[in-house]
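Numbering (the numbering used here), first residue to last: 6 to 193.
Each residue gets a CB set at the ideal place from its N, CA and C atoms; glycine is no exception.
These notes concern the structure reproduced below.
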């Protein structure tokens with residue numbers, strides 16, 4: 006009986022230490038889960054380019070579903086931007102920048118649309134569609150060297166008239182435990 010009592014006393018001494026360790030770890034974990042990270046500042050600065058001028062881009066289907074830029078001309082306002090597409094079958098379509106952005110957002114994956122989008126985003130109009138202003142136009146999307154060289158002149162004009170501002174926004178990611186997106190909602 007004495008041996009049994011000594012084992013119980015030994016267990017009683019170790020159980021509280023073990024429970025204390027579990028309790029401390031649990032409290033620390035819960036504190037990390039429920040801490041209010043909204044009081045911390047996580048801000049990214051991003052350069053936003055506002056194009057004051059627009060561009061009319063003419064593209065030609067050179068092979069089935071393959072388009073090349075034949076001309077890019079700067080126009081006074083962004084709203085005047087257009088794509089003029091000439092197809093192998095002789096048809097011609099004109100798209101506004103808003104129409105191109107809508108088709109892009111809807112994800113039209115037809116071969117013809119993909120080919121047209123690939124050519125246009127490689128040219129000057131690609132800056133309006135989200136391509137970084139620091140990346141140059143792609144010479145491979147132009148029909149010939151003359152069209153590419155003309156685009157460089159137009160690009161210089163577009164850059165000189167653009168307004169660049171710095172925007173501060175919440176960072177997209179946070180480090181540490183519980184650093185995901187907030188579930189808080191504001192407004193209605």
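Around the C-beta of residue i, are 16 or more other C-beta atoms found within 10 angstroms, so that it is buried, or is it exposed?
i           : result
residue 154 : exposed
residue 137 : exposed
residue 175 : exposed
residue 69  : exposed
residue 115 : exposed
residue 163 : buried
residue 86  : buried
residue 59  : buried
residue 126 : buried
residue 142 : buried
residue 36  : Confidence at residue 36 is low in this model, with a pLDDT of 49, below 50, so the placement of that residue should be treated as unreliable; the coordinate-derived value is given next. Per the 10 Å Cβ criterion, exposed.
Considering only the beta carbon of each residue, do residue i and residue j sit closer than 8 Å?
i          : j           : result
residue 65 : residue 78  : no
residue 72 : residue 121 : yes
So residue i packs on residue j, CB below 8 Å; how close in whole Å?
i           : j           : result
residue 54  : residue 172 : Going by Cβ atoms, the distance from residue 54 to residue 172 rounds to 11 Å, so no, they are not a contact pair.
residue 56  : residue 151 : Actually they are not in contact, since the Cβ atoms of residue 56 and residue 151 sit about 24 Å apart, beyond 8 Å.
residue 198 : residue 156 : Outside the modelled stretch of the chain, which goes from 6 to 193, sits residue 198, for which no answer is possible.
So who's on the other strand from residue i, going by DSSP bridges?
i           : result
residue 103 : Paired residues: none, contrary to the question.
residue 73  : 65
residue 175 : 48
residue 97  : 91
residue 145 : Per DSSP, none; premise fails for residue 145.
residue 169 : 54
Could you say which of the options lies nearest to residue i if we only look at CA atoms?
i           : options            : result
residue 148 : 126, 58, 63        : 63
residue 145 : 165, 124, 135, 133 : 124
residue 83  : 61, 160, 119, 170  : 61
residue 118 : 132, 98, 51        : 98
residue 93  : 105, 104, 67       : 67
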